[in-house]
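With full-length UniProt numbering as the guide, the letters of the sequence shown map in order to residues 1 to 326.
The block underneath contains the structure these notes are about, expressed in structure tokens.
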Amino acid sequence: MLEHGGNLRDAAKRFGRDDWVDLSTGINPRWYPAPQVAGNAWHRLPEPDPALLAAAQAFYGAPQMLPVAGTQAAIQALPRLRAPSRVAVSAPSYAEHAHHWARHGHTMTLTPYDELPAAIAQHDVVVVVNPNNPTGAVVPAAQLLEWAGQLAARGGWLVVDEAFGDTAQEISVAAHTAQPGLIVLRSVGKFFGLAGIRLGFVAAHADLLSDLADLLGPWTISGPAQQIAHAALSDNAWQAATREKLHANGERLRALLAAHGIQSSGTPLFQWWAEAQPEAFWQHMAERGIWVRLFTHAARGIRLGLPPDEAGWQRLHAALNEWSKR
């Protein structure tokens, strides 16, 4: 199993403290206030809710979607829907994509973002995380659609992971997924801060969604998760206010890092940089009760999410101050 952020129990065990500011995930620390769910949500088998699907299609602008138990479920399943293929996965990016495409008989190549245009002609499947996790790199929508058309013309796929796309809807290609060969993954966990309900959506051609649904089987999304997500996806006022707040806080985080000599890139939900001493920075922060995401391989560096409150901001500021003066 690959390592991910949010593992506070490991942090507490290793460093012997429980007063953590968790900046390790890039998940919105001000989560959507989940409503009380109907009592029968815990009792009934969770049959698909058409109202949830309609709310998701409206929010994401997609013509058809399939709810899945987090985008992780789709990431693990999609490689099983194709015969062995030549697959290019954008790199560095979310490691689960490469991990699962490499496990099912495919020939998988990690491809830097600036080499993706050349990879289109040489591969059957291309996977792009957009905006990228962890670097924040972005491929324009027009470019993605051109690639999708080229791949689809020979039976290929373009898989676009837009898990962090809710603060940048203008780069989404979900609206174009009625065409064969274009697959878009969206997550309820990041922008809405609801990672615990394990819900995401796949936008794609109806035939592929049918195949994916058959593979995943029935009752993949719990009744409570469906009710909570329906409320979140329908709450336009909360969404607008949250986008504004996240953009402001994302800029605040970038500026705070810059004030301490760190030039970063990212999204409104996180910042990343190629740290010369990533292990030392991670250790420094952990000793002060700040849990950050350490990358030791292709994206060698540090990713920080947003602090949850003003006290968290001040603790981060103090820790950065000590780091810059060491």
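Here a beta-carbon is modelled for each residue, glycine too, at the ideal position from N, C-alpha and C.
Query raised in the report: Mapping DSSP to helix, strand and coil, what is G250?
Result: Start at 1 with the first residue of the sequence shown, and residue 250 comes out as number 250. Helix, per DSSP.
Requested in this report: Assign T296 to one of three DSSP states: helix, strand, or coil.
Outcome: Position 296 of the sequence shown, counting from 1, holds the residue named residue 296. DSSP places T296 in coil when its eight states are reduced to three.
Query raised in the report: What number of angstroms, rounded off, separates the C-alpha of A203 from the C-alpha of V292?
Result: Here residue 203 is taken as the residue at index 203 of the sequence shown, counted from 1. Here residue 292 is taken as the residue at index 292 of the sequence shown, counted from 1. So the alpha carbons of these two residues sit roughly 31 Å apart.
**Report entry** Option nearest V184 by Cα separation, candidates H99, P92 and D166
**Finding:** The count along the sequence shown starts at 1 and reaches residue 184 at position 184. Residue D166 holds the alpha-carbon nearest to the alpha-carbon of V184 among H99, P92 and D166.
Query raised in the report: If you check the beta carbons only, do P67 and L52 fall under 8 Å apart?
Result: What you label residue 67 is simply residue 67 of the sequence shown in a count that begins at 1. What you label residue 52 is simply residue 52 of the sequence shown in a count that begins at 1. Pairing P67 with L52 gives a Cβ-Cβ distance under 8 Å.
Query raised in the report: First and last residue of the alpha helix (DSSP H) that includes S324?
Result: Your numbering for residue 324 matches position 324 in the sequence shown. Under the DSSP assignment, S324 falls in the alpha helix (DSSP H) whose first and last residues are E310 to S324.
Query raised in the report: Considering only residues of the same chain and omitting the five flanking positions on each side of R198, which have a CB-CB separation below 6 Å?
Result: Looking up residue 198 in the sequence shown gives position 198. Closer than 6 Å at Cβ, skipping near neighbours: A69 and G70.
Query raised in the report: From this set, P180, A62, I120 and V87, which residue's C-alpha is nearest L110's C-alpha?
Result: Residue numbering aside, residue 110 sits at position 110 when the sequence shown is read from its first letter. Checked all of P180, A62, I120 and V87; the closest Cα to L110 is V87.
Query raised in the report: If you drop the 5 nearest sequence neighbours on each side, which residues of the same chain put their C-beta closer than 8 Å to that of L246?
Result: Here residue 246 is taken as the residue at index 246 of the sequence shown, counted from 1. So the qualifying residues of the chain are N28, T167, F191, P268, L269 and L306.
**Report entry** Own chain residues within Cβ distance below 6 Å of A174, not counting five before or after
**Finding:** Looking up residue 174 in the sequence shown gives position 174. So the list reads Y60, G61, A62, V184 and A203, once near-sequence residues are dropped.
Report task. Could you tell me which of A163, L215, H317 and Q263 sits nearest to P131, measuring between CA atoms? Result -> What you label residue 131 is simply residue 131 of the sequence shown in a count that begins at 1. When the alpha-carbon of P131 is set against those of A163, L215, H317 and Q263, the nearest one is in A163.
**Report entry** Exposed unless 16 or more other CB atoms sit within 10 angstroms - verdict on D161
**Finding:** Walking along the sequence shown from the start, residue 161 turns up at place 161. Under this definition D161 is a buried residue.
Report task. Using three-state DSSP, classify A232 as helix, strand or coil. Result -> In the sequence shown, residue 232 corresponds to position 232, counting from 1. A232 sits in a helix when the DSSP states are folded into three classes.
Report task. Kindly list the residues whose CB is nearer than 6 Å to the CB of T242, restricted to its own chain and excluding five residues on each side of it in sequence; keep chain order. Result -> For the purposes of this step, residue 242 is identified with residue 242 of the sequence shown, where counting begins at 1. Counting only Cβ-Cβ distances below 6 Å, and skipping sequence neighbours, we find nothing.
Query raised in the report: Given a threshold of 16 other Cβ atoms within 10 Å of its Cβ, counted over all protein chains shown, does T135 qualify as buried or as exposed?
Result: Taking the sequence shown and counting its residues from 1, one reaches residue 135 at position 135. The residue in question, T135, is buried, as its Cβ has 16 or more Cβ neighbours within 10 Å.
Requested in this report: Return yes when the Cβ of D19 is within less than 8 Å of the Cβ of G289, no when it is not.
Outcome: Translated into the one-based positions of the sequence shown, residue 289 becomes position 289. Translated into the one-based positions of the sequence shown, residue 19 becomes position 19. Contact: yes.
Query raised in the report: Using a Cβ-Cβ cut-off of 8 Å (strictly less than) and excluding sequence neighbours within five positions of residue 356, which residues of its own chain qualify?
Result: What the structure shows of the chain is the stretch from 1 to 326, and residue 356 is not part of that stretch, so it cannot be assessed.
Query raised in the report: Taking DSSP as the reference, what is the three-state secondary structure of L110?
Result: Within the sequence shown, residue 110 is the residue found at index 110, counting from 1. In the structure shown, L110 sits in a strand (DSSP, three-state: E or B).
Report task. Just confirm the distance between the C-beta atoms of G301 and P278, as a whole number of angstroms; I'd bet it's less than 8 Å. Result -> Here residue 301 corresponds to residue number 301 of the sequence shown, with the count starting at 1. Here residue 278 corresponds to residue number 278 of the sequence shown, with the count starting at 1. With a Cβ gap of about 6 Å, G301 and P278 count as contacting.
Query - Straight-line Cα distance separating G155 from D124 - result: Within the sequence shown, the letter at position 124 stands for residue 124. Within the sequence shown, the letter at position 155 stands for residue 155. Taken atom to atom, the span from the alpha-carbon of D124 to that of G155 is near 7 Å.
Query - Whole-angstrom distance between L320 and Q314, CA atom to CA atom - result: As a position in the sequence shown, residue 314 is number 314, starting the count at 1. As a position in the sequence shown, residue 320 is number 320, starting the count at 1. Looking at the two C-alpha atoms, the distance is approximately 10 Å.
Report task. Assuming P92 contacts A299 (C-beta within less than 8 Å), just tell me the rounded distance between them. Result -> As a first step, residue 92 is located in the sequence shown; it is residue number 92 there, counting from the start. As a first step, residue 299 is located in the sequence shown; it is residue number 299 there, counting from the start. Yes, they are in contact, since the Cβ atoms of P92 and A299 sit about 3 Å apart, within 8 Å.
Query raised in the report: Out of curiosity, what's the CA-to-CA distance linking P308 and P35?
Result: The residue you call residue 308 lines up with position 308 of the sequence shown. The residue you call residue 35 lines up with position 35 of the sequence shown. P308 and P35 have their C-alpha atoms roughly 21 Å apart.
Query raised in the report: Are the C-beta atoms of S265 and some chain D residue less than 8 Å apart?
Result: The structure shown contains no chain D; it holds only a single protein chain.
Requested in this report: Would you please state the rounded distance, in angstroms, between the beta carbons of L8 and L212? I believe it to be under 8 Å.
Outcome: Along the sequence shown, one-based indexing puts residue 8 at 8. Along the sequence shown, one-based indexing puts residue 212 at 212. With a Cβ gap of about 32 Å, L8 and L212 do not count as contacting.
Query raised in the report: Does DSSP classify A258 as helix, strand or coil?
Result: Taking the sequence shown and counting its residues from 1, the one referred to as residue 258 is at position 258. In the three-state scheme derived from DSSP, where H, G and I count as helix and E and B as strand, A258 is classed as helix.
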